[in-house]
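Heads up: take any position in the sequence shown, counting from 1, add 220, and you land on my numbering.
Read through the structure below, which is laid out as structure tokens, and then see the notes.
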Amino acid sequence: MKTPILAAALAAFTLPAVALDLDKMSNAEREAFGDQVRAYLLENPQVIMEAVAVLEERQQAEQANQDFSLVSVNSDDIFDDGYSWVGGNPEGDITLVEFVDYRCGYCRRAHEDVKELISADGNIRLIMKEFPILGEDSLLSSRFAIAVKQLEGAEAYETVHDALITMTSSINQVTLTRLANSLGFDPTQILGHMESEDVTAEIQSTRELAQRLQISGTPTFVLQDQLLRGYVPLEGMQAMVSEKRG
Numbered sequence: 221m222k223t224p225i226l227a228a229a230l231a232a233f234t235l236p237a238v239a240l241d242l243d244k245m246s247n248a249e250r251e252a253f254g255d256q257v258r259a260y261l262l263e264n265p266q267v268i269m270e271a272v273a274v275l276e277e278r279q280q281a282e283q284a285n286q287d288f289s290l291v292s293v294n295s296d297d298i299f300d301d302g303y304s305w306v307g308g309n310p311e312g313d314i315t316l317v318e319f320v321d322y323r324c325g326y327c328r329r330a331h332e333d334v335k336e337l338i339s340a341d342g343n344i345r346l347i348m349k350e351f352p353i354l355g356e357d358s359l360l361s362s363r364f365a366i367a368v369k370q371l372e373g374a375e376a377y378e379t380v381h382d383a384l385i386t387m388t389s390s391i392n393q394v395t396l397t398r399l400a401n402s403l404g405f406d407p408t409q410i411l412g413h414m415e416s417e418d419v420t421a422e423i424q425s426t427r428e429l430a431q432r433l434q435i436s437g438t439p440t441f442v443l444q445d446q447l448l449r450g451y452v453p454l455e456g457m458q459a460m461v462s463e464k465r466g
């Protein structure tokens with residue numbers, strides 16, 4: 221059995237017109253051939269790295285093609301689900317979707333980058349998908365944010381989103397009540413709506429979409445037709461937006 225590295229290394233060789241059939245070799249011939257390959261790789265170790273790089277490029281290309289198909293098939297639920305918050309420029313020529321968890325360190329790191337990207341560009345439509353996957357604090361945060369959106373509207377949601385993504389204290393009834401009061405909302409009404417069927421339905425729908433898109437971590441972005449799995453620095457995001465515009 222070939223190891224992954226050996227398989228990658230052998231893939232880098234240009235086979236002769238008549239390919240070797242290892243299965244038809246005798247044990248002695250296979251052993252001799254293996255010794256020759258090993259000796260070559262020891263003398264030319266860079267071949268292994270070159271072969272691994274080729275293999276990684278092929279895997280990345282396959283993943284990109286698969287992601288493109290996933291986005292295409294699920295485009296309606298990604299870009300026009302009827303409930304996710306839409307910010308930035310609703311008529312923008314570029315759409316950026318973020319699957320976010322409020323307790324995710326990389327989501328917090330991406331928060332200011334995304335805000336700066338949207339503000340500086342002025343022509344990007346931003347869609348936020350609540351995707352709590354890191355425990356009870358994450359789920360409570362998303363329920364609170366969605367409850368505010370459903371009861372108080374999009375502008376209120378944006379304010380709460382910014383507050384939750386930067387909050388360092390534990391998320392519980394006391395801290396959420398304090399947050400609601402500080403923003404001028406009725407905490408009894410908001411906290412009472414958090415466990416409603418409407419809030420649960422949004423979270424469940426986004427989870428089902430994430431499963432279809434094979435998303436298991438946050439942040440995950442959809443930039444037009446491309447899935448970006450993980451944190452992307454501001455400069456990288458700006459470059460990709462420019463590339464999408466051609």
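Each residue gets a CB set at the ideal place from its N, CA and C atoms; glycine is no exception.
* To do: Express the C-alpha separation of residue 264 and residue 270 in angstroms, rounding to a whole number.
  => 11 Å
* **Expected contact under 8 Å - CB spacing of residue 298 and residue 465 to nearest Å** => Their Cβ separation, rounded to whole angstroms, is 20 Å, which puts residue 298 and residue 465 out of contact at 8 Å.
* Thinking just about the alpha-carbon of each residue, which of 395, 317 and 259 is nearest to the one in residue 461? -> 317
* **Cβ separation of residue 386 and residue 403, assumed to be a contact under 8 Å, to the nearest whole Å** => In fact, because the Cβ distance is near 14 Å, the residues do not count as touching under 8 Å.
* Give the DSSP bridge partners of residue 314, in chain order. => 344
* With DSSP collapsed to three states, give me the class of residue 433. => coil
* Test item: CB-CB of residue 323 and residue 287 under 7 Å -> no
* Near residue 422, what residues of its chain come up, given a Cβ to Cβ distance below 6 Å and the 5 sequence neighbours on each side ignored? -> 303 and 366
* Coarse secondary structure for residue 288, derived from DSSP in three states -> helix
* Should residue 389 be labelled buried (16 or more other beta-carbon atoms within 10 Å of its own) or exposed? -> exposed
* Asked: So residue 360 packs on residue 321, CB below 8 Å; how close in whole Å?
  -> Contact doesn't hold; Cβ gap of about 12 Å is too wide.
* **Supposed close pair residue 447, residue 440 - CB separation, criterion 8 Å** => 7 Å
* As assigned by DSSP and simplified to three states, the class of residue 405 -> coil
* residue 260 to residue 254 span [Cα, whole Å] -> 10 Å
* Apart from the five residues on each side of it in sequence, which residues of its chain come closer than 7 Å, Cβ to Cβ, to residue 319? -> 349, 351, 430, 435, 438, 439 and 440
* Asked: How far does the beta strand (DSSP E) with residue 449 in it reach, from first residue to last?
  -> 446-449
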